[in-house]
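In this text, residue positions in the sequence shown follow my numbering: the first is 479, and each later residue adds one.
Ideal Cβ positions, reconstructed from N, Cα and C, are used throughout, including at glycine.
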Amino acid sequence: MGLGASLFLIAVGAILTWAIEFETSGIDLNVVGVILMIVGVIGLLMSVLFWSSFAPFRREERTVVRDREIL
Numbered sequence: 479m480g481l482g483a484s485l486f487l488i489a490v491g492a493i494l495t496w497a498i499e500f501e502t503s504g505i506d507l508n509v510v511g512v513i514l515m516i517v518g519v520i521g522l523l524m525s526v527l528f529w530s531s532f533a534p535f536r537r538e539e540r541t542v543v544r545d546r547e548i549l
């Protein structure tokens, strides 16, 4: 799951939790919204942790300098 999908799930979950006041029998939209937000946050954290492993500032570049023999 990427950053966009995670943010989308968080937004849809927030809308279902706080913006919609529709009652249905057998399903609670507030719970569905909270579940979507939790899944979105977990996906966001996983994406950030995954992409931070490829960050250029964490790489250690080693420069190898060798002297050439002069004949």
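Exercise. Could you check how far apart the C-beta atoms of residue 492 and residue 524 are, in whole angstroms? I think they sit under 8 Å.
Key: Their Cβ separation, rounded to whole angstroms, is 19 Å, which puts residue 492 and residue 524 out of contact at 8 Å.
Quiz item: Can you give the Cα-Cα distance for residue 527 and residue 480, rounded to whole angstroms?
Solution: About 11 Å.
Practice problem: Could you tell me if residue 505 is buried or exposed, where buried requires 16 or more neighbouring beta carbons within 10 angstroms of its beta carbon? | Solution: Counting the other Cβ atoms within 10 Å of the Cβ of residue 505 gives fewer than 16, which makes it exposed.
Quiz item: Between residue 511 and residue 487, which are expected to be in contact by the criterion C-beta below 8 Å, what is the C-beta distance as a whole number of angstroms?
Solution: Not quite, the Cβ-Cβ distance comes to about 10 Å (not below 8 Å), so this is no contact.
Quiz prompt | Run of the alpha helix (DSSP H) containing residue 480, from where it starts to where it stops | solution = Residue 480 -> no alpha helix (DSSP H), and no H or E assigned at all.
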